[in-house]
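*Asks:* This is the structure, below, for whatever I ask next.
Protein chains: 2
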Amino acid sequence: MDTMTLSALAEPNRMRIVELLRDRPHNVSEIANQLWLRQPQVSKHLRVLHEAGLVDVHPAAQQRIYQLQAKPFEELDCWLETFKRVRETRIDSLDNYLRELKN
Amino acid sequence: MDTMTLSALAEPNRMRIVELLRDRPHNVSEIANQLWLRQPQVSKHLRVLHEAGLVDVHPAAQQRIYQLQAKPFEELDCWLETFKRVRETRIDSLDNYLRELKN
DNA sequence: AGTGAATATACCTGTCAAGGCATATAACAA
DNA sequence: TTGTTATATGCCTTGACAGGTATATTCACT
Numbered sequence: 001m002d003t004m005t006l007s008a009l010a011e012p013n014r015m016r017i018v019e020l021l022r023d024r025p026h027n028v029s030e031i032a033n034q035l036w037l038r039q040p041q042v043s044k045h046l047r048v049l050h051e052a053g054l055v056d057v058h059p060a061a062q063q064r065i066y067q068l069q070a071k072p073f074e075e076l077d078c079w080l081e082t083f084k085r086v087r088e089t090r091i092d093s094l095d096n097y098l099r100e101l102k103n
Numbered sequence: 104m105d106t107m108t109l110s111a112l113a114e115p116n117r118m119r120i121v122e123l124l125r126d127r128p129h130n131v132s133e134i135a136n137q138l139w140l141r142q143p144q145v146s147k148h149l150r151v152l153h154e155a156g157l158v159d160v161h162p163a164a165q166q167r168i169y170q171l172q173a174k175p176f177e178e179l180d181c182w183l184e185t186f187k188r189v190r191e192t193r194i195d196s197l198d199n200y201l202r203e204l205k206n
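Those protein sequence lines, which keep their order, are chains A and B.
In terms of the numbering used here, the first sequence opens at residue 1 and continues consecutively.
In terms of the numbering used here, the second sequence opens at residue 104 and continues consecutively.
Dropping the structure here:
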């Protein structure tokens, strides 16, 4: 799994931005107003999100419309699937491990 | 979504530890050897993972067996589901947004 | 051309987190 | 007890990163 995606999402304000964009696309100042952030910080966060491939941009006049990109979420979903086995075999795994220790 | 989970996973070495624990539980020195990390750093990373609820510990003699915990992965899964709508309505959302801009 | 709005960037500063290393703690063994 | 193994913690240094503020850039409009 690409840790760049996760570190981009791990910052609280970026998380808020992503959850805002989940509903619909937004331009920069809309995000700044909605989330009570200053415009430069929003631009910087969007830059990080863009470099992580989490959003893409559509220029419209002086404005820039930011929108979520599906790919990283799908990749995260795939990665998470590899943990589904863990959810059932936890106790068995530990038992087996402890049993091996005794040998 | 809890950003603590994400920031714990966002650190590359912790990600490697988690992916190692996905297969089966491990004790500290096993992790250190497998991943070519020094023991103190492994302990520190495990501490972070533990505080984030991603792992739990089972003492066995002097050793401590670390194992993945299912809950945070399930929560991440739930959160990801809220983005499934995005994957289909991307183009429509943008069109609608641009249409509103013209008014 | 000149003005204003929307956005990006540069620079500074403070904070936090990761690695390295030494050392403390705890449990077992002889 | 003493030594040995497994693990945790403390301290230090360094690098990354987020916020604040000022400024640059880009486009539209008159």
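Every residue, glycine too, gets a C-beta built ideally from N, C-alpha and C.
The structure displayed is predicted, hence computed values, not measured ones.
How would you label residue 125(B), buried or exposed, when you count the other beta carbons within 10 angstroms and need 16 or more for buried?
*Replies:* Exposed, because fewer than 16 other Cβ atoms sit within 10 Å of the Cβ of residue 125(B).
*Asks:* Taking only the alpha-carbon atoms, compute the straight-line gap between residue 116(B) and residue 152(B) and give it to the nearest angstrom.
*Replies:* 11 Å
*Asks:* What does DSSP give as the partner residues of residue 8(A) in its beta bridges?
*Replies:* Looking at the DSSP assignment, residue 8(A) forms no beta bridge with any residue, so it has no partner.
*Asks:* What's the call for residue 27(A), buried or exposed, on a 16-neighbour Cβ count within 10 Å?
*Replies:* Looking at its Cβ environment, which holds 16 or more other Cβ atoms inside 10 Å, residue 27(A) is buried.
*Asks:* Out of 74(A), 11(A) and 54(A), point me to the one whose CA is closest to residue 67(A)'s CA.
*Replies:* The option with the nearest alpha carbon to residue 67(A) is 54(A).
*Asks:* Near residue 146(B), which residues of its chain fall below 7 Å by C-beta distance, leaving aside the five closest residues on each side in sequence?
*Replies:* So the list reads 131, once near-sequence residues are dropped.
*Asks:* Please list, in chain order, all residues of the same chain as residue 118(B) whose beta carbon is under 7 Å from its beta carbon, the five residues on each side excluded.
*Replies:* 112.
*Asks:* Along chain B, which residues have their Cβ under 8 Å away from the Cβ of residue 68(A)?
*Replies:* 186, 189 and 193
*Asks:* When you compare only the Cα positions, how much space is there between residue 52(A) and residue 19(A)?
*Replies:* 16 Å
*Asks:* Going along the chain, which residues of its own chain have a beta-carbon closer than 8 Å to the beta-carbon of residue 38(A), five neighbours each way excluded?
*Replies:* Non-local beta-carbon contacts of residue 38(A) in its own chain, meaning distances under 8 Å to residues more than five positions away in sequence, involve 32 in chain order.
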